[in-house]
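Trainee:
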Amino acid sequence: QLYQSDPSGNYSGWKATVIGANNQAGKSILKTEYQKDSSEDMAEGDEPVVPTVEECLKLAVKVLNKTMDGTGAAAAEKMELFTMRLDENKQCVHHILTKDEAQAVLEQVEAESAAAGDS
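Counting from 1303, one number per residue, gives the positions in the sequence shown under my numbering.
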C-alpha cells in the first residue's frame, strides 16, 4: 500500500500511483496495465495475484517513458530503479539496480513496445 499526502494534510492510499509532471498520463497507464485480481473476480480461497518484481519494474519504466522529457537513451541516463521486497526470512531487502540491470529492463520494455507496435 502506498500513501500520498498533499500540502493540506489530506492523504490517500493507493496500490500504485504517479505524482509530478504528466501524472495523468502515468495514471492512465497504471489503470490499464497494473494487473491485480480484485476480490470480486476471485473464487473463494484463491490467493490474490501479485505482479512480480520484474513486471513491476517494466511497468515503472513504461510510466517513466511516457511521463519524462526525452526517451530512449536520454531517458535511460535519467532513470534510477530501486526495489524493496521481503526476503524468505521476512527481512526488508533494498536493491538499487546497476546501470546494466536498468538498461536490460529498458531494453525489454522497448522490445515489447516494438512488438506491440507502440511508439
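Cβ atoms here follow ideal geometry from the backbone N, Cα and C, with glycine treated the same way.
All values derive from a computational prediction rather than experimental measurement.
1. Is it right to say residue 1340 is buried, meaning 16 or more other beta carbons lie within 10 angstroms of its own, or is it exposed?
2. Between which two residues does the beta strand (DSSP E) harbouring residue 1398 extend?
3. Taking all protein chains shown into account, decide if residue 1315 is buried (16 or more other Cβ within 10 angstroms of its Cβ) or exposed.
4. Kindly give me the distance between the Cβ atoms of residue 1331 and residue 1364, rounded to whole angstroms, as I take these residues to be in contact under 8 Å.
5. Going by DSSP in three states, residue 1306 sits in which element: helix, strand or coil?
6. By alpha-carbon positions, which one of 1351, 1385 and 1312 ends up nearest to residue 1400?
7. Let's see if you can read the secondary structure: which residues bound the beta strand (DSSP E) around residue 1315?
8. Per DSSP, which one or two residues make a beta bridge with residue 1385?
9. Quick check on residue 1371: does DSSP put it in helix, strand or coil?
10. Reducing DSSP to helix, strand and coil, say where residue 1337 ends up.
Mentor: If we stick to the structure as given:
1. Residue confidence is low: residue 1340 scores 49 on pLDDT, short of 50, so the model does not pin down where it sits. Its coordinate-derived value is still stated next. Per the 10 Å Cβ criterion, exposed.
2. 1394-1398
3. exposed
4. 6 Å
5. strand
6. 1385
7. 1313-1316
8. 1397
9. coil
10. coil
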